[in-house]
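**Q**
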Amino acid sequence: MWKKSGKRSGKSVKVGALFIALSMALTACGGGNGGVQDSNNASPATEPASKTSVKVVLNWFAKTEHGGFYAAKEDGIYDDKNLDVTIEPGGPQVSSIQIVASGKAEFGVAHADQILLARKEGIPIVALATTFQISPQALMYHEGSGISDFGDLNGRTVFIQQGQPYWEYIKHKYKLDTVKEVAYTGQHGNFIEDTQSASQSFVNGEPFVVEKQGIKVDTKLIADSGYRPYAAVIYTTEKYLKENPEAVKAFIGGTVEGWNDYKENYEKINKKINEVNTNLAEDEIAFGEEAQREYVYGYDAEEHGVGYMTEERWLELMNQLMEIGLLDQEIDVKTVFTTDYLPEH
199 MWKKSGKRSG KSVKVGALFI ALSMALTACG GGNGGVQDSN NASPATEPAS
249 KTSVKVVLNW FAKTEHGGFY AAKEDGIYDD KNLDVTIEPG GPQVSSIQIV
299 ASGKAEFGVA HADQILLARK EGIPIVALAT TFQISPQALM YHEGSGISDF
349 GDLNGRTVFI QQGQPYWEYI KHKYKLDTVK EVAYTGQHGN FIEDTQSASQ
399 SFVNGEPFVV EKQGIKVDTK LIADSGYRPY AAVIYTTEKY LKENPEAVKA
449 FIGGTVEGWN DYKENYEKIN KKINEVNTNL AEDEIAFGEE AQREYVYGYD
499 AEEHGVGYMT EERWLELMNQ LMEIGLLDQE IDVKTVFTTD YLPEH
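If you read the sequence shown in the numbering used here, its first letter stands for residue 199, the second for the next number, and so on.
#1: Below 7 Å CB to CB, which residues in the same chain sit around Ile-332 once its five sequence neighbours on both sides are set aside?
#2: Among His-264, Ser-399 and Phe-305, which has the Cα closest to the Cα of Pro-334?
#3: So, helix, strand or coil for Leu-519, using DSSP?
#4: Is the CB-CB distance between Val-408 and Glu-341 below 8 Å?
#5: Grab me the residues of Ala-308's own chain with a C-beta within less than 7 Å of its C-beta, minus the 5 sequence neighbours each way, in chain order.
#6: Would DSSP call Phe-348 helix, strand or coil?
#7: Starting from Val-407, trace the alpha helix (DSSP H) both ways and give me its first and last residue.
#8: Answer yes or no: do Val-454 and Gly-486 have a C-beta to C-beta separation smaller than 8 Å?
#9: So, helix, strand or coil for Gln-398, using DSSP?
#10: Using the C-alpha atoms, what's the distance from Ala-327 back to Ile-412?
#11: Does DSSP put Glu-542 in a helix, in a strand, or in coil?
#12: Thinking just about the alpha-carbon of each residue, which of Lys-373, Lys-369, Tyr-506 and Asn-388 is nearest to the one in Tyr-339?
#13: Spatial neighbours of Glu-436 within its chain, please: CB distance less than 6 Å, with the 5 preceding and 5 following residues excluded, ordered by chain position.
#14: Please list, in chain order, all residues of the same chain as Trp-457 whose beta carbon is under 6 Å from its beta carbon, the five residues on each side excluded.
#15: Could you pull out every residue in the same chain whose Cβ sits closer than 6 Å to the Cβ of Ile-368, ignoring the five residues on either side in sequence?
#16: DSSP three-state call for Ala-438: helix, strand or coil?
#17: From Leu-281 to Glu-444, what distance separates their C-alpha atoms?
#18: Under 8 Å, do Leu-513 and Leu-314 count as touching if we go by C-beta distance?
#19: Using 10 angstroms around the beta-carbon of His-264, count the other beta-carbons present and answer buried if the total reaches 16, otherwise exposed.
#20: Let me make sure I understand the geometry here. Which of Glu-542, Gln-359 and Tyr-382 has the alpha-carbon closest to that of Gly-452?
#21: Since Ala-299 is in the alpha helix (DSSP H), which residue starts that stretch and which ends it?
#22: Where do the ends of the alpha helix (DSSP H) carrying Gly-266 lie?
#23: Counting Cβ pairs closer than 8 Å, one from the stretch 345–361 and one from the stretch 377–396, do we hit at least three?
#24: Between Ile-450 and the rest of its own chain, which residues show a CB-CB distance below 8 Å, the 5 nearest in sequence each way excluded?
#25: What do you get for Ala-336, buried or exposed, if any count of 16 or more other CB atoms within 10 angstroms of its CB means buried?
#26: Out of Ser-248, Phe-305 and Tyr-268, state which residue places its alpha-carbon closest to the alpha-carbon of Lys-447.
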């Protein structure tokens with residue numbers, strides 16, 4: 199089986215979307231005495247308030263990293279909070295930030311560095327909760343290839359999606375000036391053939407797929423480089439947050455409850471994820487759920503609850519992006535994220 203090297207410590211959201219307002223209609227029940235209400239047999243009836251419709255755009259096709267959303271929808275948690283939630287899967291050609299910024303969705307999922315870079319471009323989005331306390335993003339390499347740290351990548355081929363901030367950080371910090379970068383396509387054939395290469399991955403995904411093909415691999419968490427952005431962060435626009443605080447509170451609260459529900463009912467929700475994304479095998483989904491638990495429920499979430507974020511971590515990330523030139527000036531991170539809409543833990 200694959201194994202992950204590196205230290206793992208278990209302790210330790212330009213335009214707002216339309217909000218469908220809640221309405222309440224009170225209708226008196228007529229009695230049997232010429233329209234006079236019988237106080238003993240009838241009482242005013244309240245029609246259910248119309249649900250608030252919101253859409254969340256995921257950062258990728260449906261996977262276990264979205265389990266909390268699907269649990270909240272499947273198990274009626276969003277319904278209980280008077281929400282009609284549409285979950286829209288993402289993909290390689292889908293930018294949740296563009297969709298949310300244009301007002302075509304109320305919420306989106308993106309990594310923390312993407313949110314900071316969007317703020318740099320004048321897109322006023324605000325992070326509300328994080329899925330992963332530590333990103334399960336990693337570099338995957340062949341067992342016995344001689345790679346033990348990031349500096350060992352020099353002179354090797356790395357299959358990597360271009361423009362990833364974490365890769366720019368690693369190249370800068372470890373002076374990777376002789377590495378050969380090849381575009382990552384999601385297919386692993388070239389990586390498998392080149393036993394001296396490395397590839398981007400998530401520890402709750404790609405290593406399992408490759409090992410099913412008989413290839414033994416190790417992984418090195420990106421976080422082990424010191425680059426630790428929150429991952430799969432839920433966000434909205436400043437405008438939507440200002441105009442619809444109750445809807446935001448209900449959605450974030452429902453999603454956090456969904457994650458806690460997924461922890462106990464993952465087998466049921468995994469079946470739903472498999473219905474939405476039929477490209478995933480059942481055993482791959484099961485593996486992904488188990489492998490990601492520590493990153494969702496551990497670290498700061500163990501004490502403060504799922505979704506928790508700190509100013510310290512956002513500042514650290516901002517400074518790292520400035521260090522590698524992706525940010526040219528400081529951003530007040532207090533305007534970038536808030537934990538005010540997380541439920542009490």
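Even glycine gets a Cβ: it sits at the ideal position worked out from N, Cα and C.
Keep in mind the model is a prediction, meaning the values are calculated, not measured.
**A** The relevant details are as follows:
#1: Ala-421, Arg-426, Tyr-493 and Tyr-497
#2: Ser-399
#3: helix
#4: No, they are not a contact pair.
#5: Asn-257, Ser-294, Ile-295, Val-431 and Tyr-433
#6: Assignment of Phe-348 by DSSP, reduced to helix, strand and coil, places it in the helix class.
#7: 404–409
#8: no
#9: Of the three classes helix, strand and coil, the one that applies to Gln-398 here is strand, per DSSP.
#10: Sequence check: residue 412 is Gly here, not Ile. Roughly 38 Å between the two C-alpha positions.
#11: coil
#12: Of Lys-373, Lys-369, Tyr-506 and Asn-388, the smallest CA-CA separation from Tyr-339 is found for Asn-388.
#13: Pro-322 and Val-324
#14: Gly-266 and Val-504
#15: Excluding sequence neighbours, Ile-368 sits near Phe-348 and Ser-423.
#16: One detail in the question is off: residue 438 reads as Tyr in this sequence, not Ala. Helix at Tyr-438.
#17: 11 Å
#18: no
#19: buried
#20: Gly-452 has its Cα closest to that of Glu-542, out of Glu-542, Gln-359 and Tyr-382.
#21: 294–299
#22: 265–272
#23: yes
#24: Leu-326, Ala-327, Ile-432, Gly-505, Tyr-539, Leu-540 and Pro-541
#25: buried
#26: Phe-305
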